[in-house]
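Asks:
There are 2 protein chains.
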Amino acid sequence: MELREEILVGTMRVFNIKGLKFTMDDLARELGISKKTIYTVFDNKEDMFLALVDYLFDGIKEEEAKVITDPNLSTVDRIRKILGVMPASYRDLDLGQLYLLKDKYPKIYAKVEERLESGWENTISLIETGQKEGVIRPIHIPILKMMLEASLEQFFRRDILIKNKITYQTALDEVVGILVDGILTGQTH
Amino acid sequence: MELREEILVGTMRVFNIKGLKFTMDDLARELGISKKTIYTVFDNKEDMFLALVDYLFDGIKEEEAKVITDPNLSTVDRIRKILGVMPASYRDLDLGQLYLLKDKYPKIYAKVEERLESGWENTISLIETGQKEGVIRPIHIPILKMMLEASLEQFFRRDILIKNKITYQTALDEVVGILVDGILTGQTH
DNA sequence: AAGAAACTAATTGCACAAAAATAGTTTCCA
DNA sequence: TGGAAACTATTTTTGTGCAATTAGTTTCTT
Numbered sequence: 004m005e006l007r008e009e010i011l012v013g014t015m016r017v018f019n020i021k022g023l024k025f026t027m028d029d030l031a032r033e034l035g036i037s038k039k040t041i042y043t044v045f046d047n048k049e050d051m052f053l054a055l056v057d058y059l060f061d062g063i064k065e066e067e068a069k070v071i072t073d074p075n076l077s078t079v080d081r082i083r084k085i086l087g088v089m090p091a092s093y094r095d096l097d098l099g100q101l102y103l104l105k106d107k108y109p110k111i112y113a114k115v116e117e118r119l120e121s122g123w124e125n126t127i128s129l130i131e132t133g134q135k136e137g138v139i140r141p142i143h144i145p146i147l148k149m150m151l152e153a154s155l156e157q158f159f160r161r162d163i164l165i166k167n168k169i170t171y172q173t174a175l176d177e178v179v180g181i182l183v184d185g186i187l188t189g190q191t192h
Numbered sequence: 004m005e006l007r008e009e010i011l012v013g014t015m016r017v018f019n020i021k022g023l024k025f026t027m028d029d030l031a032r033e034l035g036i037s038k039k040t041i042y043t044v045f046d047n048k049e050d051m052f053l054a055l056v057d058y059l060f061d062g063i064k065e066e067e068a069k070v071i072t073d074p075n076l077s078t079v080d081r082i083r084k085i086l087g088v089m090p091a092s093y094r095d096l097d098l099g100q101l102y103l104l105k106d107k108y109p110k111i112y113a114k115v116e117e118r119l120e121s122g123w124e125n126t127i128s129l130i131e132t133g134q135k136e137g138v139i140r141p142i143h144i145p146i147l148k149m150m151l152e153a154s155l156e157q158f159f160r161r162d163i164l165i166k167n168k169i170t171y172q173t174a175l176d177e178v179v180g181i182l183v184d185g186i187l188t189g190q191t192h
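Here it is as structure tokens:
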């Protein structure tokens with residue numbers, strides 16, 4: 004793995020441990036390299052953060068592309084899978100936490116918002132396809148979107164999963180399952 | 004309406020206008036009575052708040068009882084209706100806002116938490132009945148609970164409804180619709 | 001009995017300064 | 001070339017005194 008990517012992955016780790024208040028010294032220590040080396044790759048902390056956001060979302064887009072182009076899947080299967088792609092990446096980095104950067108790093112916040120928003124384009128067009136095919140009910144897509152996003156947030160904010168001894172993957176599958184079955188028309192059963 | 008109830012209802016109004024930082028002077032002005040009169044009914048602000056929480060949740064319990072005892076409803080119909088009862092009361096008072104009282108009024112916060120938690124007893128036992136009847140899938144109930152609660156929070160936190168020109172009732176119906184259909188077994192279709 | 005208004009003790013918000021932490025640079029060394 | 005550590009300018013945090021606000025009480029009035 005190239006240095007640039009190692010730094011980004013290390014940033015995720017240190018972000019998940021220390022929260023958004025990690026220092027560049029923390030990161031250097033975590034990576035076992037000196038700050039000097041970090042600054043040979045990135046001009047400053049903000050640029051590094053921005054690169055991290057792109058890195059994360061590019062990974063998501065890649066996974067989505069796989070789902071969309073897989074010829075063996077029906078539209079409903081595609082929706083079921085694609086609804087799990089972005090949430091799965093939450094395991095690497097709690098994107099919701101990035102919202103807390105609003106004040107200190109408005110640029111990063113804006114980028115996260117923009118990419119979270121545009122990240123739904125593929126999903127939305129899949130759902131619209133499903134609606135045209137008649138397999139998906141005519142629901143308000145923003146509400147569905149909100150339900151998924153809100154549920155994910157809760158996984159991290161509260162300790163529901165721990166309390167109920169449910170793994171993240173199980174919970175995610177169940178949420179997606181409920182949502183997908185909830186938007187199907189009867190005819191597929 | 005008796006004085007006690009008038010004060011509680013007035014507190015809701017003033018709470019919704021001024022937020023949780025309303026003063027007792029605000030409340031007295033809103034009610035058109037003097038603080039003295041308020042203090043003849045309640046010993047202090049905290050007690051009044053606690054009484055308000057009980058008042059609200061007792062109202063919810065009452066509505067729930069109607070749904071549960073209605074002999075004309077199937078279990079699924081009951082679930083569909085009961086899932087709308089608590090959310091409907093959010094229109095009177097944003098219970099989510101009460102969470103912000105955590106620091107200043109920990110007692111009230113604890114009471115809200117406790118009643119929000121125990122407020123699910125009826126719903127949970129209905130869902131369990133549905134599962135025994137075989138009309139509801141064997142899902143993790145805490146996850147369903149979390150999905151509904153998280154969605155409601157979002158209605159207030161973000162301006163999704165306004166942006167998409169959806170009324171609260173429409174959105175609520177849609178959320179409940181998706182959740183209920185999402186937990187049904189196939190056999191009811 | 002209840003409202004209006006004044007009153008007080010306590011709490012809160014705020015300005016501002018001192019102290020601590022940190023981003024980014026530089027020096028030295030292997 | 002890159003790590004360790006020292007360094008500095010800036011930012012963030014913390015503490016404090018002062019002014020404003022407010023919960024709860026009291027007094028006076030109708």
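Protein chains in written order, with the working numbering: chain A, 4 to 192; chain B, 4 to 192.
All residues carry an ideal CB built from backbone N, CA and C; glycine is no exception.
#1: Keeping to the same chain, check which residues put their C-beta closer than 7 Å to that of L11 of chain A; ignore five residues upstream and five downstream.
#2: Hey, is E177 of chain B's beta-carbon within less than 7 Å of any beta-carbon in chain A?
#3: In terms of alpha-carbon separation, which member of B:N167, B:F52, B:K39 lies closest to K24 of chain B?
#4: What would DSSP say about R7 of chain A, mapped onto helix, strand or coil?
#5: Of all the CB atoms in chain A, is at least one closer than 7 Å to the CB of A153 of chain B?
#6: Using beta-carbon positions only, say whether L30 of chain B and V17 of chain B come within less than 7 Å of one another.
#7: Relative to the C-alpha of I181 of chain B, which candidate in A:I63, A:P141, A:I163, A:N19 has its C-alpha closest?
#8: Under 7 Å, do E117 of chain B and V88 of chain B count as touching if we go by C-beta distance?
#9: Any chance you could list the alpha helix (DSSP H) runs of at least 4 consecutive residues sitting entirely within the segment 75–124 of chain B, in chain order?
#10: Take K148 of chain A and list the residues in its own chain whose beta-carbon comes closer than 7 Å to its own, dropping the five residues that flank it on each side.
#11: For my contact list, I186 of chain B and I139 of chain B are in at a C-beta cut-off of 8 Å; report their separation, rounded to the angstrom.
#12: Let me know if Q190 of chain A comes out buried or exposed under the rule of 16 or more other beta-carbons within 10 Å of its beta-carbon.
#13: Secondary structure at I139 of chain A, three-state DSSP: helix, strand or coil?
#14: Could you give the distance in angstroms between the alpha-carbon of S121 of chain A and the alpha-carbon of R94 of chain A?
#15: May I have a chain-ordered list of the alpha helix (DSSP H) segments no shorter than 4 residues that lie completely inside the segment 19–62 of chain A?
#16: Classify Q190 of chain B as helix, strand or coil using the three-state DSSP reduction.
#17: Using the Cα positions of I144 of chain B and Y42 of chain A, report the straight-line distance between them to the nearest angstrom.
#18: Helix, strand or coil for I181 of chain B, going by three-state DSSP, please let me know.
#19: Please classify D73 of chain B: is it buried, with 16 or more other beta-carbons within 10 angstroms of its beta-carbon, or exposed?
#20: Using a 10 Å radius around the Cβ and a threshold of 16 neighbouring Cβ atoms, would you call S77 of chain B buried or exposed?
#21: Determine the chain A residues that contact N125 of chain B at a beta-carbon separation under 9 Å, and present them in chain order.
#22: Would you say the beta carbon of E116 of chain A comes nearer than 6 Å to a heavy atom of the ligand GTP?
#23: Please state if the CB of D97 of chain A and the CB of F159 of chain A are separated by a distance shorter than 7 Å.
#24: So, using beta-carbon positions, are E152 of chain B and I146 of chain A closer together than 7 Å?
#25: Straight-line CA distance for T173 of chain A to V179 of chain B?
#26: Please classify T173 of chain B: does DSSP put it in a helix, a strand, or coil?
#27: Less than 8 Å between the CB atoms is what I'm expecting for N125 of chain B and I71 of chain B, so what's the real figure, rounded?
#28: Within its chain, find whatever has a CB closer than 8 Å to the CB of K105 of chain B; leave out the 5 residues flanking it on each side and keep chain order.
#29: Give me the chain A residues within the contact set of P109 of chain B, using Cβ-Cβ distance strictly less than 9 Å, ordered along the chain.
#30: Just to confirm the assignment, what range does the alpha helix (DSSP H) spanning K168 of chain A have?
#31: Throw me the rounded Cβ distance for the L164 of chain B and P90 of chain B pair, which I believe falls under 8 Å.
#32: Is there a C-beta anywhere in chain A that falls below 7 Å from the one on A174 of chain B?
#33: Suppose the cutoff is 8 Å on Cβ atoms and the five residues either side in sequence are ignored; what does the same chain contact list for Q100 of chain A look like?
#34: Spatial neighbours of E33 of chain A within its chain, please: C-beta separation below 7 Å, excluding the five flanking residues on both sides.
#35: Does any CB atom of chain B fall closer than 7 Å to the CB of G122 of chain A?
Replies: Concretely, from the data shown:
#1: A54, L55, Y58
#2: yes
#3: B:F52
#4: helix
#5: yes
#6: yes
#7: A:P141
#8: no
#9: 78–92, 98–101, 109–121
#10: W123
#11: 5 Å
#12: With a pLDDT of 41 at Q190 of chain A, under the threshold of 50, the modelled position of this residue cannot be trusted; read the value that follows with caution. Under this definition Q190 of chain A is an exposed residue.
#13: strand
#14: 20 Å
#15: 27–34, 38–44
#16: In this predicted model, Q190 of chain B has a pLDDT of only 41, less than 50, meaning its place in the structure is not dependable; the value taken from the coordinates is given anyway. The answer is helix: DSSP assigns Q190 of chain B an H, G or I state.
#17: 49 Å
#18: helix
#19: exposed
#20: exposed
#21: Simply none; closest approach about 20 Å.
#22: Ligands in the displayed structure: none, and consequently the ligand GTP is not present.
#23: yes
#24: no
#25: 22 Å
#26: helix
#27: 6 Å
#28: Y112
#29: By Cβ distance, chain A contributes nothing, its closest Cβ being about 18 Å from P109 of chain B, past 9 Å.
#30: K168 of chain A -> no alpha helix (DSSP H), and no H or E assigned at all.
#31: That belief does not hold up - the Cβ atoms of L164 of chain B and P90 of chain B are roughly 13 Å apart, past 8 Å.
#32: yes
#33: F18, G22, L23, F159
#34: G13, R16, V17
#35: no
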